[in-house]
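Numbering (the UniProt record's numbering), first residue to last: 1 to 310.
Below: one structure, written as structure tokens.
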Amino acid sequence: MQKAWFYNEYGSIDVLQFGEFPVPKPGPGEILLKIRAAALNPVDYKKREGLFRSADCDFPAVPGCDAAGVVVEVGDGVSKFKIGDEVYSDIQHFTAGRPKQLGTLAQYTVVEEHLVAPKPTNLSFEEAASLPLAVLTAQEAFDIAKFEKGQSVFIVGGAGGVGSLAIQLAKHVYGASRIVSTASTGKLDFVKSLGADLVIDYTKQSYDQISEKFDFVFDTIGEAAKSHVVAKEEAKVLDIASFQPHPRAEFFLVSPSAHNLEKLQPYIESEKLKPVIDPKSPYSFSDVIEAFKHQESGRAKGKIVISPIE
């Protein structure tokens, strides 16, 4: 048995429990991961609240998508990894069927080999755990938009887990000519430091007061009904926080892959792409409730990390 956070019904944070959970056995093409650090994402609490019931998993369900840790067992057919390898992954492929019952807020989890990448050598387990879902989401957004070097991008929510990495990707990977983002008053300098050319204080300026138009609008907080007005006529507008966004926008769920993480590894190891971890992190494994409360408050800056998992 192992220690894990889980819930037996949909609901508020009050349904979360901490206790014993079976250690899974890796099947063909899978690895068993000893989790050293995990990270929270909005999808974790939205799933707990029942917003993904069309893709229910079995109860009891362990939340969590992001993890970094050590391979402790491999299933038949696994060729890429061996016991002792340090890896990281977004283990939950929500677009591929039922979510996994056993997420990453546990001491061990099983994950398919094709979702696992070697941990970048310059990152701690905590830093590595903060990246997968958020950076893969931002990366996929730019790819869906067919973003080209020299184009401009408007990123709604530059201080969040996805937004903070989208700014860095725009600057260092996709070659944006101009990056404009939004943040609250106390986070303007932080978002500017990530590489934004201009940061708009959303508490003081509305979208319809922005005269500039952009080649791509990436809304990470679900305001496409308003933010779409800053898009050029033919520009792509993506909204990752509204399941039924404004007709001008498209919603998508990330399709995690080790291949895409590996494509970003040179940028991570050269420190052009840096993890952004909330200052209150890491939270200890026993303080997951407090970590979720902080996340659900909407005041986090970057990713919320849980470590050590023991």
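We put the CB at the ideal spot given by N, CA and C, even for glycine.
Three or more Cβ pairs drawn from the segment 133-143 and the segment 152-164 lie within less than 8 Å of each other, which places the two stretches in contact.
Per the Cβ contact rule, the segment 21-34 is in contact with the segment 62-82 (3 or more Cβ pairs under 8 Å). Around the beta carbon of Phe243, fewer than 16 other beta carbons sit within 10 angstroms, so the residue counts as exposed.
The segment 187-201 and the segment 213-220 do not touch, with fewer than 3 CB-CB distances between them shorter than 8 Å. Our two residues, Arg178 and Pro256, have alpha carbons roughly 27 Å apart in a direct line. With contacts defined by Cβ atoms closer than 8 Å, Glu113 and Lys80 form a contacting pair. When C-beta atoms of the segment 229-242 are compared with those of the segment 203-216, three or more pairs fall below 8 Å, so the two segments count as touching. Its chain contains Val162, Leu165, Ala166, Leu169 as the residues whose beta carbon lies nearer than 7 Å to that of Ala138, once the 5 sequence neighbours on both sides are disregarded; these appear in chain order. The three-state reading of DSSP puts Val110 in strand, counting E and B together. Under DSSP, the beta-bridge partners assigned to Gln2 are Phe21. With contacts defined as CB atoms closer than 8 Å, Gly158 and Thr182 qualify as a contacting pair. Leaving aside the five residues that flank Tyr10 on each side, the residues in its chain whose CB is nearer than 8 Å to its CB run, in chain order, Arg48, Glu49, Gly50, Arg53. Under the 10 Å beta carbon count, Ala96 is surrounded by fewer than 16 other beta carbons and is classified as exposed. Counting of Cβ neighbours within 10 angstroms places Arg299 among the exposed residues, the total staying below 16.
Beyond the five residues adjoining it in sequence on each side, Gly19 comes within less than 8 Å, by CB distance, of Lys3, Ala4, Phe6 in the same chain, given in chain order. One alpha carbon belongs to Tyr88, the other to His246, and they sit about 34 Å apart.
Ile221 carries a coil assignment under DSSP once its states are collapsed to helix, strand and coil. Two segments are said to touch when three or more pairs of C-beta atoms, one from each, lie closer than 8 Å; by this definition the segment 284-298 does not touch the segment 148-156.
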